[in-house]
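**Student:** Residue 80 in the numbering used here sits at position 80 of the sequence shown; the count goes up by one each step and never skips. Note that the Cβ used here is the ideal one computed from N, Cα and C, for glycine as well. A quick note: this is a predicted structure, and the numbers were derived from the prediction, not measured.
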Amino acid sequence: MVDQIYSLAGKRVYVAGHTGMVGSALCRRLAGERCTVVTAPRRQVDLLRQAAVEGFLAREKPHAVFVAAATVGGIHANATRPAEFLYQNLAIATNLIHAAYGAGVEKLMFLGSSCLYPRLAPQPMTEDMLLTGALEPTNEPYAIAKIAGIKMCQSYRRQYGCDFVAAMPTNLYGPGDNYSLSQGHVVAALIAKIHEAKTNGAPEVVLWGSGSPLREFLAVDDLADALVFLMTHYSAESIVNVGTGIETSILELAHLIAGVVGYRGRFVCDRTKPDGTPRKVMDISRLTAMGWQARIPLEEGLRLAYRSYLDGCRRG
């Protein structure tokens, strides 16, 4: 394992987007780091407003920042709200990164996503595949905004010497996810859809597309652990992939979720709907060489996610 180069002990650590799936997982993980976690609700600081962000960081004086705030969603959300995905993610990235530089933040971690890689990138995708080909059209606005954030981190490191780094998580799931059928990512949307089918006694569940696209799924608490590891063990311009390296088809995922939920119906693939990128798995050799690897198996993680979904249903 590589040596620790930055300590969070005794530091003020701002988690932007602390109420989201990634942000809340980071807050759970940071509880064991002997640091002071700084958070702020939207009513206190609007991340879309540059002056508000600059004023907040100037007052709070965090030593480290995790940029976990983002406007996110699945294929349907990206297709129907492209302007929101482009503008809001650009604003969040530019405001936080520039304000962190202005406030003298010691270290910043920016989150990209595996969907930032070219649609037909060679598989598994290595970090140097970024910007080598056309993006997946169904999430292009989001990807462009996030790529801009990565390039800002790299540029501020080059020009100003800022210790800003960027990680590229694969598809995420877990507690705190958005379980909306129309706006959620694939794991959360399928959990909600299959639970609803079980509750209503529906004999079948319709899946978007062919069911054949291959994806890699990472439990959000594993991601939080990886981000803290990178914050304390990594400092370089290059992005770092974070994932499991294990591929699962959408149809296989649906069957795994059905087993967790206890649904016994069948699945029908609606091939008139888009598949998105046909295959998406990341090369995680850079991260594993540093000494980190995921610990939560997919089925175990799905059980935790389903439990979180049920808790949310009970709270109304």
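Do you know whose CA, among S249, R303 and A294, lies nearest V260's CA?
**Tutor:** When only C-alpha atoms are compared, the closest one is R303.
**Student:** Give the single residue among R59, E54 and L230 whose Cα lies nearest to the Cα of R12.
**Tutor:** Among R59, E54 and L230, the Cα nearest to that of R12 is on R59.
**Student:** Tell me, please, whether the segment 74-91 touches the segment 122-129 by the rule of three or more beta-carbon pairs shorter than 8 Å.
**Tutor:** Contact between the segment 74-91 and the segment 122-129 is absent, because fewer than three Cβ pairs lie under 8 Å.
**Student:** When you compare the CB positions of Y173 and K107, do they come within less than 8 Å of one another, or not?
**Tutor:** No. Outside cutoff.
**Student:** Compare the Cα-Cα distances from T170 to each of L131, I97, R215 and V206 and report the closest residue.
**Tutor:** Selected option, being the one with the closest Cα: R215.
**Student:** State buried or exposed for N95, treating a residue as buried only when at least 16 other CB atoms are found within 10 Å of its CB.
**Tutor:** Label assigned to N95: buried.
**Student:** Which residues in the same chain as P213 place their Cβ atom closer than 8 Å to its Cβ, once the five residues preceding and following it in sequence are excluded?
**Tutor:** Answer for P213: S249, I250, D275, G276, T277, P278, R279 and K280, listed in chain order.
**Student:** Please list the terminal residues of the continuous alpha helix (DSSP H) segment that includes L230.
**Tutor:** Here the alpha helix (DSSP H) through L230 covers V220 to H233.
**Student:** Tell whether a beta-carbon distance below 8 Å holds between I284 and L130.
**Tutor:** Cβ distance not < 8 Å, so I284 and L130 don't count as in contact.
**Student:** Please say whether A305 and V187 have beta carbons closer to each other than 8 Å?
**Tutor:** Yes; because the gap between Cβ atoms is below 8 Å, this pair is in contact.
**Student:** Nearest to D270 by CA position, among L47, C115, G10 and L207, is which residue?
**Tutor:** If we check each option's Cα against that of D270, L207 comes out closest.
**Student:** Would you mind sorting E136 into buried or exposed? The rule is 16 or more other CB atoms within 10 Å of its CB.
**Tutor:** Classification of E136: buried, given that the 10 Å Cβ count is 16 or more.
**Student:** Work out the CA separation of Y156 and G201 for me, nearest whole Å.
**Tutor:** Distance between the alpha carbons of G201 and Y156: 55 Å.
**Student:** Would DSSP call C269 helix, strand or coil?
**Tutor:** Note: C269 maps to strand in three-state DSSP.
**Student:** Put V261 into one of helix, strand or coil per three-state DSSP.
**Tutor:** Three-state result, V261: helix.
**Student:** Could you pull the start and end residues of the beta strand (DSSP E) that L8 belongs to?
**Tutor:** No beta strand (DSSP E) holds L8; DSSP gives it neither H nor E.
**Student:** Could you tell me if the beta carbon of G291 falls within a distance shorter than 7 Å of some heavy atom in the ligand SAM?
**Tutor:** The ligand SAM is not part of the structure shown, which contains no ligands of any sort.
**Student:** Would you report the Cα separation of G102 and Q44, rounded to the nearest angstrom?
**Tutor:** If I take the Cα positions, the gap works out to 20 Å.
**Student:** Identify, in the order they occur along the chain, each residue of the same chain with its Cβ nearer than 6 Å to the Cβ of G243, setting aside the five sequence neighbours on each side.
**Tutor:** So the list reads T170, E216, L218, M282 and I284, once near-sequence residues are dropped.
**Student:** Please report how far the alpha carbon of T71 lies from the alpha carbon of L181, in whole angstroms.
**Tutor:** In a straight line, the C-alpha of T71 is about 16 Å away from that of L181.
**Student:** Using a threshold of 8 Å, state whether the C-beta atoms of Y263 and Y179 are closer than that.
**Tutor:** Not a contact, by the Cβ cut-off of 8 Å.
**Student:** Nearest by alpha-carbon distance to A91: which of A51, F229, L227 and P62 is it?
**Tutor:** If we check each option's Cα against that of A91, A51 comes out closest.
**Student:** Excluding the five sequence neighbours on either side, which residues of its own chain have a C-beta within less than 7 Å of the C-beta of K193, listed in chain order?
**Tutor:** Within the same chain, K193 has close Cβ partners L181 and V205.
**Student:** Might you give, ordered along the chain, the residues of its own chain that have their beta carbon closer than 7 Å to the beta carbon of Y117, omitting 5 neighbours on each side?
**Tutor:** Taken in chain order, the residues that qualify are M125, M129 and L130.
**Student:** So, at 8 Å on beta carbons, what are the nonlocal neighbours of V220 in its own chain, with the 5 sequence-adjacent residues on each side left out?
**Tutor:** Excluding residues within five positions, the ones whose Cβ falls inside 8 Å are M21, V22, A25, L172, Y173, G174, P175, G176 and D177.
**Student:** Hey, could you find the ends of the alpha helix (DSSP H) A167 is sitting in?
**Tutor:** Unbroken run through A167 is the beta strand (DSSP E), F164 to P169; no alpha helix (DSSP H).
**Student:** Quick check: what's the CA-CA separation for K198 versus L256?
**Tutor:** When rounded, the distance between both Cα atoms is 14 Å.
**Student:** Can you tell me whether L120 is buried or exposed, with buried defined as 16 or more other CB within 10 angstroms of its CB?
**Tutor:** With fewer than 16 Cβ atoms within 10 Å of its Cβ, L120 is classed as exposed.
**Student:** How far does the beta strand (DSSP E) with K61 in it extend, from its first residue to its last?
**Tutor:** Neither: K61 is in no beta strand (DSSP E) and is coded neither H nor E.
**Student:** Could you name each continuous alpha helix (DSSP H) segment of 4 residues or more that falls completely within the segment 103-141, going from the start of the chain to the end?
**Tutor:** You should have found no qualifying run.
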